[in-house]
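Engineer: Got a structure here, written out as structure tokens. Questions coming.
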Amino acid sequence: MFSPMLLYALATVVVSSIFISLYRKKEKGAAALPPGPRAVPIFGNWLQVGNDLNHKLLASLAQKYGPVFLLKLGSTNLVVVSNPELATQVLHTQGVEFGSRPRNVVFDIFTGNGQDMVFTVYGDHWRKMRRIMTLPFFTNKVVNNYSGMWESEMDSVVRDLQRNESVKTEGIVIRKRLQLMLYNIMYMMMFDAKFESLEDPKFIEATKFNSERSRLAQSFEYNYGDFIPLLRPFLRSYLNKCKDLQSRRLAFFNNFYIEKRRKIMSGNGEKHRISCAMDAIIDAEMKGEISAANVVYIVENINVAAIETTLWSMEWAIAELVNHPTVQSKIRDEMTRVLGDAPVTESNLHLLPYLQATIKETLRLHTPIPLLVPHMNLEEAKLGRYTIPMESKVVVNAWWLANNPAWWKDADEFRPERFLEEEVGTEAAVAGGKVDFRYLPFGMGRRSCPGIILAMPILGLTVAKLVKNFQMRPPQGLHEIDVSEKGGQFSLHIANHSVVAFSQ
Ligand code: HEM
Numbered sequence: 001m002f003s004p005m006l007l008y009a010l011a012t013v014v015v016s017s018i019f020i021s022l023y024r025k026k027e028k029g030a031a032a033l034p035p036g037p038r039a040v041p042i043f044g045n046w047l048q049v050g051n052d053l054n055h056k057l058l059a060s061l062a063q064k065y066g067p068v069f070l071l072k073l074g075s076t077n078l079v080v081v082s083n084p085e086l087a088t089q090v091l092h093t094q095g096v097e098f099g100s101r102p103r104n105v106v107f108d109i110f111t112g113n114g115q116d117m118v119f120t121v122y123g124d125h126w127r128k129m130r131r132i133m134t135l136p137f138f139t140n141k142v143v144n145n146y147s148g149m150w151e152s153e154m155d156s157v158v159r160d161l162q163r164n165e166s167v168k169t170e171g172i173v174i175r176k177r178l179q180l181m182l183y184n185i186m187y188m189m190m191f192d193a194k195f196e197s198l199e200d201p202k203f204i205e206a207t208k209f210n211s212e213r214s215r216l217a218q219s220f221e222y223n224y225g226d227f228i229p230l231l232r233p234f235l236r237s238y239l240n241k242c243k244d245l246q247s248r249r250l251a252f253f254n255n256f257y258i259e260k261r262r263k264i265m266s267g268n269g270e271k272h273r274i275s276c277a278m279d280a281i282i283d284a285e286m287k288g289e290i291s292a293a294n295v296v297y298i299v300e301n302i303n304v305a306a307i308e309t310t311l312w313s314m315e316w317a318i319a320e321l322v323n324h325p326t327v328q329s330k331i332r333d334e335m336t337r338v339l340g341d342a343p344v345t346e347s348n349l350h351l352l353p354y355l356q357a358t359i360k361e362t363l364r365l366h367t368p369i370p371l372l373v374p375h376m377n378l379e380e381a382k383l384g385r386y387t388i389p390m391e392s393k394v395v396v397n398a399w400w401l402a403n404n405p406a407w408w409k410d411a412d413e414f415r416p417e418r419f420l421e422e423e424v425g426t427e428a429a430v431a432g433g434k435v436d437f438r439y440l441p442f443g444m445g446r447r448s449c450p451g452i453i454l455a456m457p458i459l460g461l462t463v464a465k466l467v468k469n470f471q472m473r474p475p476q477g478l479h480e481i482d483v484s485e486k487g488g489q490f491s492l493h494i495a496n497h498s499v500v501a502f503s504q
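Take the sequence shown: its letters are residues 1 to 504, numbered as in full-length UniProt numbering.
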């Protein structure tokens, strides 16, 4: 009746439940763990809290259990931090202790067991990868070099919309065109390469690979095998799917983009001319600082960390602007008042505070990575008056920090004015200065997002150019567009890609 595999799994589950309850008894005598719901053997709290551990569910649990609580999810500990004081400790004061990353069975596959930068443990490898990536991607010089290219990619979106009559009334799923724009921006910066159009077979392939990677990695479907290692044999076909996708995807990056740059670099002889980010990364490889695998995982990281997050934020900003036409008018008025007929450019964005406030408000209300990328403590650590067992997954509920009505006026309203009134001076800072730990869309400290230096101007410029050239409205027959959300393991995007009408 039962397969030998299932019988084996059940038997091992029973035996290990005895061991785990012995272990838990021992734990009880140790220093205080953070509060949390009572856990049962084997499953911990998993059956109570379910699979979808999203920012809203975790915020409601924080109201019950407090600003730091512990969930046992099978064999893993999840520690959830929900107030600014404790967030300061995790990200700043004890940034080293909590500076590592947990991976799970699926992320092990997608990062080659941490050969990348985003999901690698805190230590020398991470430090080296972050240093090597900084110069070609995350400096003011890079912004200056590339902002002209960003602007012309954005102008090309505006021209496409102006040429298309049907977008005026029927509207268009704007995500697709913005996706092409962002791929072009990032692939130009990485490889000095771009895609011809939405129909370009390479663009179709790249987006397919990346969206399938996101679907498989962000799904909650594999939790059972992740939380309960004994059930992992049942995940085999899921993991094989991930492995197969990843090997084809990395081969695509390698064969069509990285190898091309390698050839150009070696053709240049000893004196490498660095023309794009990949040349600088390959240069580090040639000097023996990183391996060929590290090179390809940097490309993998940028494809996910840079393109998708920025695209989600753009979709959120546009959806809110469609539903708030007065915000569009205010941005337009500000541009006319401050810039007159001059075009909006990266260098004059700082003169447009209302535009900046709109971007900040979008990232507050719809934090694209609401729980940040999970952190981990390699050793047992203290947090407040609690002991955090070693190798716990520690998440900071950045969405709740930015949306808790106790700390924000009219927290659930889209109101950019707040950043010019009661929240003037609240910035999305990731280091230095006076950081407001209620507002962390890019995290803070060692593992914070280095891409903020690119993401903020790219978002500001795109929104400015669309608002300057169009009235963005719901398509004919609708009064508002749907802003329901869809979350993943740690992503938050709009559930239904908006159809938006662009009239002049
Ligand atoms: C609106 C756009 C973006 C948002 C909201 C965002 C947000 C974040 C967040 C919350 C983290 C984790 C912080 C933590 O764990 O404490 C992160 C990490 C990271 N982001 Fe971004 N990001 C964005 C765009 C970008 C871009 C454009 C790039 C690159 C070009 C980028 C590259 C990275 C990298 C490499 C990390 C890992 C840092 C590390 O582990 O040391 N991100 N991002």
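Cβ atoms here follow ideal geometry from the backbone N, Cα and C, with glycine treated the same way.
Go through its chain and collect everything with a Cβ distance to Glu27's Cβ below 6 Å, but skip five positions before and after it.
Structural biologist: Because Glu27 carries a pLDDT of 48, less than 50, the predicted location of this residue cannot be relied on, and the following value inherits that uncertainty. Correct list: empty, nothing qualifies.
Engineer: Is residue 542 near Glu485, with beta carbons less than 9 Å apart?
Structural biologist: In the structure as shown, the chain begins at 1 and stops at 504. Residue 542 is therefore absent and cannot be evaluated.
Engineer: Hey, Pro343 and Phe138: beta-carbon distance below 9 Å or not?
Structural biologist: Going by C-beta atoms, Pro343 is not nearer than 9 Å to Phe138.
Engineer: May I ask you to check if the CB of Gly445 is nearer than 8 Å to at least one heavy atom of the ligand HEM?
Structural biologist: Because some heavy atom of the ligand HEM lies under 8 Å away, the Cβ of Gly445 counts as near it: yes.
Engineer: Anyone know if the C-beta pair for Pro389 and Glu380 falls short of 9 Å?
Structural biologist: Result yes, Cβ atoms of Pro389 and Glu380 sit closer than 9 Å.
Engineer: Closest to Asn54 by C-alpha separation, out of Trp400, Leu459 and Asn496, would be which residue?
Structural biologist: Among Trp400, Leu459 and Asn496, the Cα nearest to that of Asn54 belongs to Trp400.
Engineer: Is any non-hydrogen atom of the ligand HEM found closer than 8 Å to the C-beta of Thr367, if you look at the structure I gave you?
Structural biologist: True, at least one ligand heavy atom lies under 8 Å from that Cβ.
Engineer: Measuring from the CB of Asn301, is there a heavy atom of the ligand HEM at a distance below 8 Å?
Structural biologist: Answer for Asn301: yes, Cβ within range of the ligand HEM.
Engineer: For the ligand HEM, any of its heavy atoms closer than 8 Å to the Cβ of Lys392?
Structural biologist: Note that residue 392 is Ser in the sequence shown, not Lys. Incorrect: Ser392 has no Cβ contact closer than 8 Å to the ligand HEM.
Engineer: Lys56 bridges to which residues according to DSSP?
Structural biologist: Partner(s): none; Lys56 has no beta bridge.
Engineer: Identify whether Lys28 lies in helix, strand or coil by the three-state DSSP scheme.
Structural biologist: Note that Lys28 has pLDDT 49, beneath the 50 cutoff, so the model's placement of it is unreliable and no number is given.
Engineer: From the DSSP output, in three-state form, read off Lys243 for me.
Structural biologist: Helix, per DSSP.
Engineer: Would you kindly check if the distance between the Cβ of Val396 and the Cβ of Val157 is under 9 Å?
Structural biologist: The answer is no: Cβ separation not under 9 Å.
Engineer: Using the C-alpha atoms, what's the distance from Thr134 back to His479?
Structural biologist: Their Cα atoms are separated by approximately 44 Å.
Engineer: Please find out if some non-hydrogen atom of the ligand HEM comes closer than 8 Å to the beta-carbon of Thr426.
Structural biologist: Checking the Cβ of Thr426 against the ligand HEM gives no.
Engineer: First and last residue of the beta strand (DSSP E) that includes Gln328?
Structural biologist: Segment Pro325 to Leu339 is the alpha helix (DSSP H) holding Gln328; no beta strand (DSSP E) there.
Engineer: Regarding Ser214 and the ligand HEM, is the C-beta to nearest heavy atom distance less than 8 Å?
Structural biologist: No, the beta carbon of Ser214 sits no closer than 8 Å to any heavy atom of the ligand HEM.
Engineer: For Phe227 versus Trp408, is the C-beta distance shorter than 9 Å?
Structural biologist: For Phe227 and Trp408, no; Cβs fall outside 9 Å.
Engineer: Tell me whether Phe442 counts as near the ligand HEM, meaning its Cβ is closer than 8 Å to at least one heavy atom of that ligand.
Structural biologist: Yes, the Cβ of Phe442 comes within 8 Å of a heavy atom of the ligand HEM.
Engineer: Using three-state DSSP, classify Ala495 as helix, strand or coil.
Structural biologist: Ala495: coil per DSSP, three-state reduction.
Engineer: Which class does Gly112 belong to by DSSP, given the choice of helix, strand or coil?
Structural biologist: Residue state, collapsed to three classes: coil.
Engineer: Kindly provide the ranges of any alpha helix (DSSP H) runs that are 4 or more residues long and lie completely inside the region 388–429, ordered along the chain.
Structural biologist: Listed in chain order, the complete alpha helix (DSSP H) runs (minimum 4 residues) inside the region 388–429 are 398–403.
Engineer: Could you please give me the residues that DSSP links to Phe69 through a beta bridge?
Structural biologist: The partner list for Phe69 (beta bridge, DSSP) reads Val80.
Engineer: Do Phe502 and Lys243 have their CB atoms nearer than 9 Å?
Structural biologist: Their beta carbons are not under 9 Å apart, which means Phe502 does not touch Lys243 by this criterion.
Engineer: Helix, strand or coil for Phe19 per DSSP?
Structural biologist: Residue confidence is low: Phe19 scores 43 on pLDDT, short of 50, so the model does not pin down where it sits. No coordinate-derived value is stated.
Engineer: Going by the beta-carbon positions, is the gap between Ser60 and Gly488 smaller than 9 Å?
Structural biologist: Not in contact: Ser60 and Gly488 (Cβ atoms no closer than 9 Å).
Engineer: Please report the Cβ distance between Val105 and Leu239, rounded to the nearest whole angstrom; I am assuming they are in contact, meaning their Cβ atoms lie under 8 Å.
Structural biologist: Indeed they touch by this definition, with Cβ atoms about 6 Å apart.
Engineer: What alpha helix (DSSP H) runs, 4 residues minimum, are completely inside the region 155–219?
Structural biologist: Counting only runs of 4 or more, we get 174–191 and 201–218.
Engineer: Taking its Cβ as the centre, do 16 or more other Cβ atoms sit within 10 Å of Ala495, making it buried, or is it exposed?
Structural biologist: Exposed, by the Cβ-count rule.
Engineer: Within the present structure, is the beta-carbon of Ile290 separated from the nearest heavy atom of the ligand HEM by less than 8 Å?
Structural biologist: No; taking the cut-off as 8 Å, the Cβ of Ile290 has no heavy atom of the ligand HEM nearer than that.
Engineer: Going by alpha carbons, who is nearest to Glu151 out of Ala464, Lys56 and Val295?
Structural biologist: That would be Ala464, whose Cα lies nearest to the Cα of Glu151.
Engineer: Quick one: what's got a C-beta closer than 6 Å to residue 586's C-beta in the same chain, skipping five residues either side?
Structural biologist: Shown here, the chain extends from 1 to 504; a query on residue 586 therefore has no answer.
Engineer: Below 8 Å CB to CB, which residues in the same chain sit around Phe256 once its five sequence neighbours on both sides are set aside?
Structural biologist: Excluding positions up to five away in sequence, the list reads Lys202.
Engineer: Tell me the rounded alpha-carbon separation between Thr462 and Asn469.
Structural biologist: Going from the Cα of Thr462 to the Cα of Asn469 covers about 11 Å.
Engineer: Please state whether the Cβ-Cβ distance between Pro67 and Asn77 is less than 9 Å.
Structural biologist: Taking 9 Å as the Cβ cut-off, Pro67 and Asn77 do not qualify as a contacting pair.
Engineer: DSSP three-state label for Ala39, please.
Structural biologist: Ala39: coil per DSSP, three-state reduction.
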